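For what it's worth, the UniProt record's numbering labels the leading residue of the sequence shown as 1, then goes sequentially. Report on the structure given below.
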Amino acid sequence: MSPRKSVVEALGTRSAILDRSVAIASAEGLEGLTIGRLAGELGMSKSGVLGHFGSKEALQLAVLDRAGEIFRAEVWEPALPAAPGLTRLRVLCESWVSYLERGVFPGGCFFVAAAHEFDGRKGAVRDAVEARFDTWRERLHKEAGRAVDAGDLPQGTDPGQLAFELLGLVMALNHAIQLHHDPQAPARARHAIRSRLGGTP
1 MSPRKSVVEA LGTRSAILDR SVAIASAEGL EGLTIGRLAG ELGMSKSGVL
51 GHFGSKEALQ LAVLDRAGEI FRAEVWEPAL PAAPGLTRLR VLCESWVSYL
101 ERGVFPGGCF FVAAAHEFDG RKGAVRDAVE ARFDTWRERL HKEAGRAVDA
151 GDLPQGTDPG QLAFELLGLV MALNHAIQLH HDPQAPARAR HAIRSRLGGT
201 P
């Protein structure tokens, strides 16, 4: 086997491990990931799985990165072509609602679940979850600020408050879908977003 082929196959195996890990962690939490379970489900040895990451914590961090790539593709990238400010904020919110409505992750929003799991803990995984929420809040704040500066939102609108409210709305939507299986929840979330942003998301 050539070195090039070995690298390609190793990358493919790592990707398969991460894909399965994201699915498990979405529904059962990052602590639900075990090297033994992944090895059994993927037909690998424990050492083979561990060799790609080195430790369970490193695996969890890699899974967060993979989930972040999926979230970015589903929610952030569709909004990038939209004009900065209110238009982009509306498109972003619609992509965000759609991401939950379509069940992109089996257990709902990956990062809401991870936040509930790790918010009272210490360590690298908890810090990584917090950093992703901080980044997302900053993006919402930035687009809200642009909308205020352009006069597209009422004068005196606090971008930080608006970002806080939008985060709360979508977390409530995730809760309604996952816990209550409420088929009206996406429509309610869209209505709440229209009430806050105006127009049609």
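Yeah, the Cβ is synthetic: ideal placement off N, Cα and C, and Gly gets one too. Computed from a predicted structure; not experimentally measured.
Backbone secondary structure at residue i - three-state DSSP
i	result
LEU59	helix
HIS180	coil
THR87	helix
GLY32	helix
HIS52	coil
VAL104	coil
ALA82	coil
GLY68	helix
SER47	helix
THR157	coil
ARG4	Summary for ARG4: the model assigns pLDDT 42, below 50, so the residue's position carries little reliability; its value from the coordinates is reported in the next sentence. In the structure shown, ARG4 sits in a helix (DSSP, three-state: H, G or I).
ASP152	coil
ARG37	helix
ARG14	helix
ARG121	coil
Boundaries (first-last residue) of the alpha helix (DSSP H) holding residue i
i	result
GLU117	110-118
ARG132	124-149
ALA187	185-197
Buried or exposed (CB count within 10 angstroms, at least 16 for buried), residue i
i	result
GLU138	exposed
LEU80	exposed
LEU179	exposed
GLU31	exposed
GLU143	buried
HIS52	buried
ASP152	buried
GLY85	buried
GLY108	buried
ARG190	buried
Same chain only: Cβ atoms within 7 Å of residue i, ignoring 5 sequence neighbours per side
i	result
ALA128	LEU61, LEU64
ILE35	LYS46, VAL49, LEU50, LYS56
ALA163	ARG137, LEU140, HIS141, ALA144
Own chain partners of residue i with C-beta closer than 8 Å, once the 5 adjacent residues on each side are dropped
i	result
GLU57	GLY123, ALA124, VAL125
GLU41	ARG20
Same chain, Cβ closer than 6 Å to residue i, five either side skipped, listed in chain order
i	result
VAL91	ALA79, ALA82
GLY160	HIS141
GLY29	GLU117
ALA67	VAL22, PHE110
ALA16	none
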